[in-house]
Every structure is written in structure tokens, then in C-alpha cells.
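**Student:** Sharing a structure with you now.
Residue numbers (the working numbering): 1 to 133.
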């Protein structure tokens with residue numbers, strides 16, 4: 001009985017300690033990039049690319065136009081707890097459009113999101129409130 005409880009407790013602890021994103025595997029190998037292709041007239045055209053770091057966190061997302069040119073690109077930065085702290089959004093010319101910075105409360109929940117213009121000036125701010133019973 002104690003061995004079963006210990007095994008279950010260990011399994012639960014491991015599953016909560018390991019980020020869900022880190023468990024993305026194909027054929028036992030960690031996914032580092034996903035490419036999405038559009039099929040047109042029997043030809044493959046790139047549509048979307050998503051890149052991941054060794055922890056399984058999304059680090060970059062690129063969307064392409066129908067002709068294969070970059071439509072937009074977003075990069076992601078994470079803190080030591082695996083929470084996204086910053087997104088940088090770029091246009092089709094790879095020019096920075098905006099930066100979104102996230103703050104988290106002591107419970108790891110999103111507290112605020114600040115959107116900054118390319119010159120660093122504040123464009124908008126969103127504050128999150130959690131109502132519990």
C-alpha cells in the first residue's frame with residue numbers, strides 16, 4: 001500500500017514539475033520546430049513555422065503569405081519558471097511593431113500585460129483580476 005502511494009505521489013509530482021510543453025515529442029524525440037505547409041496545385045508552400053526551446057517553450061512563430069513571403073513574426077521570452085514575460089511582434093519587413101510585457105503575481109497567474117510601441121512608449125496596459133469563491 002505504501003509503495004503504491006509513494007509511486008503515485010512521485011508520478012503526480014513529476015507530472016506537475018514537468019511543463020506540458022516539454023512533453024511534445026515525436027517518435028521519442030523532443031520537437032524543436034513545427035512547419036505547416038499549404039498544398040496548392042500539387043506544390044508545397046510554407047504557411048507557418050513555430051520554433052521551441054529545449055524546455056518546450058514556443059520561442060518564435062512565423063506566418064507566411066500565399067507567395068511565401070513573411071507576413072508576421074513573433075518572438076517569445078520566458079522567465080526561470082517557464083512563464084512568458086515578453087512577446088515581440090514584427091511585420092512583414094521584420095520591423096518591430098510592438099512589444100508585450102507580462103507580469104505575474106506570487107501565485108504564478110498573469111497580473112498585467114503592457115503593450116509598448118517600438119520607441120518604448122506605453123500604448124496600452126491590461127490588468128488581470130481573479131475572482132474566486
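Backbone N, C-alpha and C define an ideal beta-carbon position, used for all residues, glycine too.
I'd like to confirm the pairing. Which residues does DSSP put opposite residue 113 in its beta bridges?
**Tutor:** Translated into the one-based positions of the chain shown, residue 113 becomes position 113. DSSP, once it has assigned bridges, lists 102, 126 as partnering residue 113.
**Student:** Taking C-beta to C-beta, are residue 50 and residue 58 nearer than 8 Å?
**Tutor:** The residue labelled residue 50 in the question sits at position 50 within the chain shown. The residue labelled residue 58 in the question sits at position 58 within the chain shown. Yes, they are a contact pair.
**Student:** Could you pull out every residue in the same chain whose Cβ sits closer than 8 Å to the Cβ of residue 116, ignoring the five residues on either side in sequence?
**Tutor:** Taking the chain shown and counting its residues from 1, one reaches residue 116 at position 116. Once the five neighbours on either side are set aside, the close Cβ partners of residue 116 are 98, 99, 100, 101, 122, 123.
**Student:** Going by C-alpha distance, which of 127, 46, 52, 83 is nearest residue 63?
**Tutor:** As a working note, residue 63 is residue 63 in the chain shown. When only C-alpha atoms are compared, the closest one is 46.
**Student:** Do residue 86 and residue 74 have their C-beta atoms closer together than 8 Å?
**Tutor:** Taking the first residue of the chain shown as position 1, residue 86 is located at position 86. Taking the first residue of the chain shown as position 1, residue 74 is located at position 74. With a cutoff of 8 Å on beta-carbon distance, residue 86 and residue 74 are scored as not near each other.
**Student:** Which residues in the same chain have their Cβ closer than 6 Å to the Cβ of residue 48, if we skip the five residues on either side of it in sequence?
**Tutor:** Counting from one through the chain shown, the residue named residue 48 turns up at place 48. Cβ neighbours of residue 48 beyond the five flanking positions: 36, 63.
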